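Structure first, then comments.
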Amino acid sequence: MPEISTASLPDIIFILLFFFMVVTVMRDTELKVENRLPRATELTKLVKKSLVSYIYIGRPTKKYAKLLGTAPRIQLNDGFYTKEDIGQFVATEREKLPENRQKFMIFALRIDKAVTMGIVSDVKTELRKADALKINYSALPRGDEGI
Amino acid sequence: MIRKRKSRGPNAINASSMADIAFLLLIFFLVTTTINVDKGIFIILPPWSEEEPEIAKINDRNTFVILLNSHDQLLVKGELMKVERLRENVIEFLENPYRKKTLSESPLKAVVSFKNDRATSYSAYIEVWNELKGAYIDLWNQESRRLYGVDYADLKGNKKEDKEKQKTIRKLYPMRISEAEPDNVTKAQ
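Protein chains in written order, with our numbering: chain A, 893 to 1039; chain B, 352 to 540.
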């Protein structure tokens, strides 16, 4: 039996590699909270990534739960913060943008689906006070068959 | 004796380790990157004001009251409802095709009021918002097909006429959803 040539194996691996390089994004923040997004149908894409700032809300992951307990927490960039810090966070993110783009700033709220609304309402109130009115509740797509 | 040299031509480099290098790079990328989810329900919050917003009259026919309690139960206009029924009820309320006295006088006066409890789960909240947005989008699509022959969602080009058309449709059915401060019935986070 003639041997099967494995000379093209690296090519296959390269194709897979290029796929991952194109489709994925370098993770810049480590998620320290549980973040299972809910599912919804009326979704809009966030087009201009540069105008988007992320706020993560969820229960701390196992290794942080020992320190911080299991109540839902806010994570901004790489650390845990409280609702009072949101005003400052909005100002910092706003300063990163040029003047004429500042009013197009969007905040993407990546909230775990098991979180209760208390903390979410607090965050929304703080965002309103800081005049950050465009928000986006991140969600995964779902077909129409199930809710 | 003439030795025949088994010649491979100019010496070729052994390329069998190419696959290993490729595997290494692949594993690096798998570990350090994520496939970003960047879609969501887009909301514009009302501006903050120090005074209390005026409390809508509960039994006003132009107000569609939706309540979510801490057990994620949906109460619409005083009656329990399943979330699957919410979208069609909102559409009926806004359009009021049969001119029922209990539903809105006109879409221009209609307001949807939404209140939840601090202990309501976020997924139930998102489901309600999804249905509310869906109801308005369905109505806008309907009007857009009636007036312009295309769906509202297809008018998203950057041309000026498209934006004007979108504005006209939004003026016919303005999205007026007011959210109230959540209750704190049970001591919850």
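Each residue gets a CB set at the ideal place from its N, CA and C atoms; glycine is no exception.
These numbers were taken from a predicted model, which means no experiment stands behind them.
For E985/A, the closest C-alpha among the options S945/A, R965/A, L1019/A, Y1029/A is that of S945/A.
For G971/A, no Cβ of chain B is located within less than 8 Å of the residue's own Cβ.
Under the 8 Å criterion on CB atoms, V925/A is classed as non-interfacial with respect to chain B. In the DSSP secondary-structure assignment, Y973/A is bridged to I966/A. F444/B: member of the alpha helix (DSSP H) spanning 437-446, first to last residue. Annotation for I905/A: the continuous alpha helix (DSSP H) segment containing it runs 901-915. Residues are counted here when their Cβ sits less than 9 Å from a Cβ of chain B; for the stretch 978-1009 of chain A these are I998, A1000, L1001, R1002, I1003, D1004, K1005, A1006, V1007, T1008, M1009, given in chain order. Excluding five sequence positions before and after P533/B, the CB atoms of its chain that fall closer than 8 Å to its own CB belong to K466, N467, D468, R469, T471, given in chain order. Residue nearest to G485/B within the set T384/B, Y503/B, S368/B, A366/B is Y503/B (criterion: CA-CA distance).
Spanning the alpha carbons of P361/B and S897/A requires a straight line of approximately 22 Å. For Y476/B, the chain A residues whose Cβ falls inside 7 Å of its Cβ are M1009, in order along the chain. Within its own chain, the residues whose Cβ lies closer than 6 Å to the Cβ of Q517/B, once the five positions on either side in sequence are excluded, are L506, listed in chain order. Annotation for T984/A: the continuous alpha helix (DSSP H) segment containing it runs 978-987. Chain order gives no chain A residues near I520/B, where near means a beta carbon separation below 7 Å; the closest approach is about 16 Å. Residues of chain B whose Cβ lies closer than 7 Å to the Cβ of M913/A are, in chain order, F380.
When rounded, the separation of the alpha-carbon atoms in T1008/A and I998/A is 23 Å.
In this structure the stretch 1005-1024 of chain A does not touch the stretch 485-497 of chain B; the number of beta carbon pairs closer than 8 Å is below three.
A direct Cα-to-Cα measurement between F906/A and I372/B gives close to 10 Å.
Taking 8 Å as the threshold, the shortest C-beta distance from A363/B to chain A does not fall below it.
Think of a sphere of 9 Å around the beta carbon of A957/A: no beta carbon from chain B falls inside it, the nearest being about 14 Å out. For the stretch 925-944 of chain A, residues whose beta-carbon sits nearer than 7 Å to a beta-carbon of chain B comprise L929, P930, A932, T933, E934, L935, T936, K937, L938. Taking C-beta separations shorter than 6 Å and ignoring five residues to either side along the sequence, the partners of L943/A in its chain run F996, M997, I998, following chain order.
I528/B sits close to V463/B, with the two beta carbons spaced by under 8 Å. In the structure shown, I372/B falls within a helical segment according to DSSP collapsed to helix, strand and coil. Counting C-beta pairs closer than 8 Å gives fewer than three between the stretch 428-441 of chain B and the stretch 386-399 of chain B, which falls short of the contact rule. Taking a beta-carbon distance threshold of 8 Å, L506/B does not count as an interface residue toward chain A. At least one beta carbon of chain A lies nearer than 8 Å to the beta carbon of A470/B. DSSP places E532/B in the coil class of the three-state scheme, outside both helix and strand.
Per DSSP, the continuous beta strand (DSSP E) segment holding S945/A begins and ends at 944-950. In this model, A983/A and E1018/A are separated by some 12 Å (Cα to Cα).
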